[in-house]
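Visitor: Using the UniProt record's numbering, the final residue of the sequence shown is 174, and nothing's skipped along the way.
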Amino acid sequence: MNTPMRILVVFYSRSETTAELGGRLAAELEGDYERLHEVEFRRRAGPFGFLRSIVDVVRQRTAHLQPMAHVLANYDVVLIGTPVWAARASTPVATWLAEHWHEVRATAFFCTMGSRGSEQTFAQLQQLAHRAPLATCAISARDMKEDIAVEKVARFVLAIKDALSAREDEAAAR
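(1) Report, in whole angstroms, the separation of the C-beta atoms of L36 and I7, which I expect to be a contact under 8 Å.
(2) For S140, which of helix, strand or coil comes out of DSSP?
(3) For a test of the three-state rule: what should DSSP assign to E168, helix, strand or coil?
(4) V39 by DSSP, collapsed to three states: which one?
(5) To the nearest angstrom, report how far apart V153 and T112 are at their CA atoms.
(6) Under 8 Å by Cβ, that's how I've got L66 and V39 pegged, so tell me the actual separation to the nearest angstrom.
(7) Taking Cβ positions, are G81 and L164 nearer each other than 9 Å?
(8) Taking only three categories from DSSP, how would you classify L8?
(9) Cα separation between A129 and A141?
(10) What is the rounded straight-line gap between the Cα of P4 and the Cα of P47?
(11) Assuming A108 contacts T62 under a Cβ cut-off of 8 Å, what Cβ separation, rounded to an integer in Å, is found between them?
(12) Within 10 Å of its beta-carbon, does V71 have 16 or more other beta-carbons around it, so buried, or fewer, so exposed?
(13) Three-state secondary structure (DSSP) at T62?
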């Protein structure tokens with residue numbers, strides 16, 4: 001009998017859009033989720049926080065993150081979610097992945113964005129993770145307005161399930 005794959009969704013969200021998507025993915029994949037929090041919580045709030053976020057990501061600054069509640073070694077797959085800031089992963093997600101990539105067995109990436117920048121963001125995440133993701137999903141503000149997001153999320157979830165099923169089949173064949 002196959003043991004179900006354990007899935008953790010890790011994300012950062014400044015405006016709650018990425019948090020909403022992360023929660024939906026955790027529910028659909030029957031996984032756990034963990035929101036990344038910075039030690040200085042209010043640093044990114046409001047219009048000045050938005051500008052600070054863009055400057056931080058362009059200058060490749062690191063974030064000071066609070067410790068995680070979940071133990072990464074307990075999970076087979078970690079979905080990593082980020083808002084896109086200036087065609088890059090958010091500073092908290094980039095910092096977290098740079099610090100924890102070696103603890104992650106397999107990944108999938110998702111991002112939320114105003115209109116574009118997902119390709120560069122996914123390339124950055126892949127470089128930081130030192131591995132290709134099982135799947136990716138980019139949701140734009142336009143996708144949300146036109147309900148395209150529901151279809152994209154469904155395809156993303158299916159791609160992850162298919163990849164996990166293929167891995168289980170490989171392991172069983174050994």
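All residues carry an ideal CB built from backbone N, CA and C; glycine is no exception.
Guide: Once the coordinates are examined:
(1) Not quite, the Cβ-Cβ distance comes to about 17 Å (not below 8 Å), so this is no contact.
(2) strand
(3) helix
(4) Looking at V39 - three-state DSSP - the assignment turns out to be coil, as it is neither helix nor strand.
(5) 12 Å
(6) Looking at the sequence shown, residue 66 is not Leu but Gln. Their Cβ separation, rounded to whole angstroms, is 6 Å, which keeps Q66 and V39 in contact under 8 Å.
(7) no
(8) DSSP places L8 in strand when its eight states are reduced to three.
(9) 26 Å
(10) In this structure, the alpha-carbon of P4 lies about 43 Å from that of P47.
(11) Rounded, the Cβ-Cβ distance is 24 Å, inconsistent with contact.
(12) exposed
(13) Shown here, T62 sits in coil according to DSSP, grouped into three states, outside any helix or strand.
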